[in-house]
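Q: Line by line, the protein sequences are chains Y and H.
In terms of the working numbering, the first sequence opens at residue 32 and continues consecutively.
In terms of the working numbering, the second sequence opens at residue 32 and continues consecutively.
One structure is given below, represented as C-alpha cells, and several questions about it will come after.
Protein chains: 2
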Amino acid sequence: MLPYTANTLKAELNSRGWRLTPQREKILHVFQNLPRGNHLSAEELYSLLDQRGETISLSTIYRSVKLMARMGILRELELAEGHKHYELNQPYPHHHHHMVCIQCNKTTEFNNDSILKHSLKQVEKFGFQLIDCQLTVMTICPEALRLGWPSALPSNWSCSRVISETPLEDEEN
Amino acid sequence: MLPYTANTLKAELNSRGWRLTPQREKILHVFQNLPRGNHLSAEELYSLLDQRGETISLSTIYRSVKLMARMGILRELELAEGHKHYELNQPYPHHHHHMVCIQCNKTTEFNNDSILKHSLKQVEKFGFQLIDCQLTVMTICPEALRLGWPSALPSNWSCSRVISETPLEDEEN
DNA sequence: AGATATTTGCTAATAATTCTCAATTATCAG
DNA sequence: CTGATAATTGAGAATTATTAGCAAATATCT
C-alpha cells in the first residue's frame, strides 16, 4: 500500500459518500510528517496544529481521527497512558508493535512482520477483512526491576529511560 | 503457571506488602469461574457480585482489578467497546488473543502460542519482564462486509453473529 | 490481644470523549 | 458555472469511565 496523498484520501472518502475537507487533509499531513516512533493524542494533535496557526476544533479532531482509524488510515493505540494515541497505519514492511512498561508508561517500538502474517491468516480463514493488528507487550522495564519493583517503588515513579526514537532492529522471522 | 487459589493469592500479595481481603478473594473467584471467552468490565463485575448478594463497592472493584492486572493475575483488555474488560491471564497453553469487528464490536478469541513466544523473545532481549501480551486484530466481520460496509450501514448497526463461546482452533505454529 | 499500616466504601472530582445544533461548505446535477 | 443538498464544522454542554480524598474498618505482625 502506498502512502496516502490528498487525492487518494479524497477518492477513498468519496467512495464512501464522505467528503475531503481542509481539516482532514491537514490532519493527514501531520501524521505523514511525524517522525517514526511518535504518536499523538487528540489533544496533542490539536495543540500542534494550533501552534502552526492552523487551528481545528477539538470536536473535529476527535471525529477525524476516529473516522480515519475506521478507514484503516490511522492506527488507534491504547497504550498505558489513559488516553488514545494515533499514528499512521503503515503495513509491511514498516509494520511495528509496542512494548510498554506498566510502571513508567514508556513505550518502545519493535518491528515484526510475522505478527501481521499471523493476523492475516487468522482473519482470512474466517472471511473477515483486516483493518489493523496490534501486539501490545506489557512489561516491567529493567530500571524498575533494578529498583525493586513492585514493593520498593512509589506508584508515580517514572524511570529515566527515554522513549526510543528509532524502532529496534527487526526480529528475524 | 497454575491457577491462583486464595492461598497463592495471599502469598503473592503479602510478598509485596499488600493484604488478602474477602473482596479480593471474591473477585478472583468470579474470574476463575467465568466461562471461556467471557470478560467483564468493572461495572459488569460489580452487578454480578451485587446480584449474588456479595456487594463490593465500585471503588474497590476498580482498585482491585487494576491491582490484579498489574500483578499479572488479570489481563486488561481494550477492545472496541469504550471501556476496559478483564479476564484471567492464562499463559501457555491457554494463551489467546482477540479478533474484533470495529463495526459491530463483536469479539472472537483465537489461540496462538507463537505470539507469546515472539513477545518473550523481544522482552528478554532487552532485560524487561513480561507481564502480559495481547494481539488485537481489528477487522470487519463477514456480515458487515456482505451488507455493504461501510457506506450502506448505519453507524449503530450490529450484526447477528454471536460472540464465540469457545476459542477457535489453534493456528498450527 | 493490641498496634499499625492497608483497605474499604462513600462521595465528589476529573478527564477523555461524545452529543447537539445552527452555520458552513464540499459535492453533484443540470 | 450555479444552485440544491447532504455532510461537516465549531462551540459548548453533556456523558461516562475512572480516580481522588478521607474517615471508618480490618488484615497482618508482634
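Glycine included, every Cβ here is placed at the ideal spot set by N, Cα and C.
Tell me whether S195 (chain Y) sits in a helix, a strand or coil according to DSSP, three-state version.
A: Residue 195 (chain Y) sits at position 164 when you count from the first residue of the first sequence. Only weak support exists for where S195 (chain Y) lies, its pLDDT of 38 falling under 50; the value from the coordinates is given anyway. Here S195 (chain Y) sits in coil by DSSP.
Q: Along the chain, where does the beta strand (DSSP E) that runs through F141 (chain Y) open and close?
A: Sequence index remark: in the first sequence, residue 141 (chain Y) carries index 110 (1-based). 138 to 142 is the extent of the beta strand (DSSP E) around F141 (chain Y).
Q: Does the CB of E196 (chain H) have a neighbour CB from chain Y at under 8 Å?
A: By 1-based counting over the second sequence, the position of residue 196 (chain H) is 165. With a pLDDT of only 34 at E196 (chain H), under the threshold of 50, the placement of this residue in the model should not be trusted, and no figure is reported.
Q: Which same chain residues end up closer than 7 Å to C164 (chain Y) when comparing Cβ atoms and leaving out the 5 residues on each side of it in sequence?
A: Reading the first sequence from its first residue, position 133 is the one you call residue 164 (chain Y). The residues are I146, L147, S150.
Q: Of all the residues that make up the region 154 to 173 of chain H, which are near chain Y by a beta-carbon distance shorter than 9 Å?
A: Within the region 154 to 173 of chain H, the residues whose Cβ lies closer than 9 Å to some Cβ of chain Y are V154, K156, F157, G158, F159, Q160, L161, I162, D163, C164, Q165, L166, T167, V168, M169, T170, I171, C172, P173, listed in chain order.
Q: For H149 (chain Y), would you say it is in contact with chain H, using Cβ-to-Cβ distances shorter than 8 Å as the test?
A: Working through the first sequence from its first residue, we reach residue 149 (chain Y) at position 118. Yes, its Cβ sits closer than 8 Å to a Cβ of chain H.
Q: N136 (chain Y) to T167 (chain Y), Cα distance in whole Å?
A: On the first sequence, residue 136 (chain Y) is found 105 positions in, with the first residue counted as 1. On the first sequence, residue 167 (chain Y) is found 136 positions in, with the first residue counted as 1. So the two alpha carbons sit approximately 12 Å from each other.
Q: Have a look at N38 (chain Y) and L51 (chain Y) and give me their C-alpha separation to the nearest angstrom.
A: In the first sequence, the residue the question calls residue 38 (chain Y) occupies position 7. In the first sequence, the residue the question calls residue 51 (chain Y) occupies position 20. Using only the alpha carbons, I get a separation of about 9 Å.
Q: Please list, in chain order, the chain H residues whose beta carbon lies closer than 7 Å to that of L176 (chain Y).
A: Residue mapping note: residue 176 (chain Y) aligns to position 145 of the first sequence, counting from 1. Under the 7 Å cutoff, chain H gives Q160.
Q: With a cut-off of 8 Å on the beta carbons, I'd call I92 (chain Y) and A73 (chain Y) a contact; round off their distance for me.
A: Translated into the one-based positions of the first sequence, residue 92 (chain Y) becomes position 61. Translated into the one-based positions of the first sequence, residue 73 (chain Y) becomes position 42. That pair is a contact at about 5 Å.
Q: With 8 Å as the threshold, decide whether the Cβ of I133 (chain H) is near any Cβ in chain Y.
A: Within the second sequence, the letter at position 102 stands for residue 133 (chain H). So, interface residue.
Q: Between H:R106, H:Q134, H:D81, H:G103, which has its C-alpha nearest K97 (chain Y)'s C-alpha?
A: Here residue 97 (chain Y) refers to the residue found at position 66 of the first sequence. Nearest option by C-alpha distance: H:Q134.
Q: Just curious, the alpha helix (DSSP H) that I92 (chain Y) is in, first and last residue?
A: Residue 92 (chain Y) sits at position 61 when you count from the first residue of the first sequence. Looking at the DSSP string, the run of the alpha helix (DSSP H) that includes I92 (chain Y) is 89 to 101.
Q: Does the distance from the C-beta atom of T138 (chain Y) to that of V154 (chain H) stay below 8 Å?
A: Along the first sequence, read from residue 1 onward, the residue named residue 138 (chain Y) stands at position 107. Along the second sequence, read from residue 1 onward, the residue named residue 154 (chain H) stands at position 123. Cβ atoms of T138 (chain Y) and V154 (chain H): not closer than 8 Å.
Q: Smallest Cα separation from Q63 (chain H): which of H:N142, H:M99, H:S88?
A: Position 32 of the second sequence, counted from the start, is the residue given in the question as residue 63 (chain H). Per the Cα distances, H:M99.
Q: Is there a C-beta anywhere in chain Y that falls below 8 Å from the one on E85 (chain H)?
A: Position 54 of the second sequence holds residue 85 (chain H). No, E85 (chain H) does not count as interfacial toward chain Y.
Q: Out of Y:C132, Y:G68, Y:R106, which one is the CA nearest neighbour of Y117 (chain Y)?
A: Within the first sequence, residue 117 (chain Y) is the residue found at index 86, counting from 1. Among Y:C132, Y:G68, Y:R106, the Cα nearest to that of Y117 (chain Y) belongs to Y:R106.
Q: Give the DSSP-derived three-state secondary structure of Q121 (chain Y) in the structure shown.
A: Here residue 121 (chain Y) refers to the residue found at position 90 when the first sequence is read from its first residue. Reduced to three states, the DSSP call for Q121 (chain Y) is coil.
Q: By the criterion of Cβ-Cβ separation under 7 Å, what are the contact partners of I104 (chain Y) in chain H?
A: Here residue 104 (chain Y) refers to the residue found at position 73 when the first sequence is read from its first residue. Near I104 (chain Y) there are no residues of chain H at all, since even the closest Cβ is about 13 Å away, more than 7 Å.
Q: For E112 (chain Y), which of helix, strand or coil comes out of DSSP?
A: The sequence position of residue 112 (chain Y) within the first sequence is 81, counting from 1. In the structure shown, E112 (chain Y) sits in coil (DSSP, three-state: anything other than H, G, I, E or B).
Q: Kindly say whether V193 (chain Y), judged by its beta-carbon, lies nearer than 8 Å to any beta-carbon of chain H.
A: Reading the first sequence from its first residue, position 162 is the one you call residue 193 (chain Y). Its pLDDT being 43, under 50, V193 (chain Y) is placed unreliably in this model, and the coordinates cannot settle the point.
Q: With 8 Å as the threshold, decide whether the Cβ of E109 (chain Y) is near any Cβ in chain H.
A: Translated into the one-based positions of the first sequence, residue 109 (chain Y) becomes position 78. Yes, because at least one Cβ of chain H sits closer than 8 Å to the Cβ of E109 (chain Y).
Q: Using 10 angstroms around the beta-carbon of R55 (chain H), count the other beta-carbons present and answer buried if the total reaches 16, otherwise exposed.
A: Within the second sequence, the letter at position 24 stands for residue 55 (chain H). Its Cβ being crowded by 16 or more others within 10 Å, R55 (chain H) is buried.
Q: Starting from S90 (chain H), find everything on chain Y with Cβ-Cβ shorter than 8 Å and list it in chain order.
A: Along the second sequence, one-based indexing puts residue 90 (chain H) at 59. Ordered by position in chain Y, no residue passes the 8 Å Cβ test against S90 (chain H), which lies about 16 Å from the chain.
Q: Kindly indicate which residue of H:K156, H:G113, H:C132, H:H114 has the alpha-carbon position closest to the one of M130 (chain Y).
A: Stepping through the first sequence from its first residue, residue 130 (chain Y) is reached at position 99. Nearest C-alpha to M130 (chain Y): H:K156.
Q: Could you name the residues of chain H that I58 (chain Y) contacts, counting a contact when the two beta carbons are closer than 7 Å?
A: Start at 1 with the first residue of the first sequence, and residue 58 (chain Y) comes out as number 27. Those within 7 Å of I58 (chain Y) in chain H number zero; the least Cβ separation is about 19 Å.
Q: Within this structure, are the beta carbons of L79 (chain Y) and L71 (chain Y) separated by less than 8 Å?
A: Stepping through the first sequence from its first residue, residue 79 (chain Y) is reached at position 48. Stepping through the first sequence from its first residue, residue 71 (chain Y) is reached at position 40. Going by C-beta atoms, L79 (chain Y) is nearer than 8 Å to L71 (chain Y).
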